[in-house]
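*Asks:* For the sequence shown, the positions run 164 to 292 when my numbering is used.
Submitted below is the structure of interest, expressed as structure tokens.
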Amino acid sequence: MVYGAEVTKELMPLWIFGPLVVALYIKIVQGLCSLYVFFFMQAVKLIKNLPRFSLLVYKFIAEGKLRAYLWDHFVKPIVDVKNMDYRAFSRRKYEQLVTRAVEKYLDFVESIWPYYCRTLRFLKKANLI
């Protein structure tokens with residue numbers, strides 16, 4: 164059997180971290196409950212709007228917009244890539260890259276400019292320049 168200060172020393176981490184762990188578990192359960200309520204409310208909204216969604220889908224398919232949508236979003240990009248002028252595209256991307264690099268360089272120079280001026284003043288005062 165262990166008594167007194169040795170027991171206190173062994174139980175100290177439990178006294179400190181125990182309430183923190185319990186508080187963390189409580190926050191996790193609160194978060195899960197609020198997430199459950201959120202998903203339930205979203206399901207209720209979806210069920211309320213289900214007739215409207217089904218009518219919209221029916222009109223979309225009946226009027227032939229589905230084929231145009233599929234063409235615009237799936238087939239046309241592939242055709243555009245096949246017919247693309249790679250030389251002009253790469254030139255345009257290179258110009259964009261150069262522009263971004265120049266902007267980044269100017270931002271860098273503007274950020275170090277005060278330190279550069281301060282260093283030059285120091286070197287002039289020290290007669291090293």
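Cβ coordinates follow ideal geometry from the N, Cα and C atoms, glycine included.
To the nearest angstrom, how far is the alpha carbon of K222 from that of R250?
*Replies:* Approximately 43 angstroms between the Cα atoms of the pair.
*Asks:* In whole angstroms, what is the alpha-carbon distance linking T171 and Q205?
*Replies:* Answer to the nearest angstrom: the Cα atoms are 51 angstroms apart.
*Asks:* DSSP three-state call for N246: helix, strand or coil?
*Replies:* N246 falls in the coil class under three-state DSSP.
*Asks:* Under three-state DSSP, which class holds L209?
*Replies:* In the structure shown, L209 sits in a helix (DSSP, three-state: H, G or I).
*Asks:* Can you tell me which of the three DSSP states L283 falls into?
*Replies:* Helix at L283.
*Asks:* May I have the straight-line CA-CA distance separating Q193 from I241, to the nearest angstrom?
*Replies:* If I take the Cα positions, the gap works out to 47 angstroms.
*Asks:* May I ask you to report which of helix, strand or coil DSSP gives Y166?
*Replies:* Looking at Y166 - three-state DSSP - the assignment turns out to be coil, as it is neither helix nor strand.
*Asks:* By Cβ distance below 6 angstroms, which residues in the same chain neighbour L286 in space, the five residues on each side in sequence not counted?
*Replies:* Closer than 6 angstroms at Cβ, skipping near neighbours: I292.
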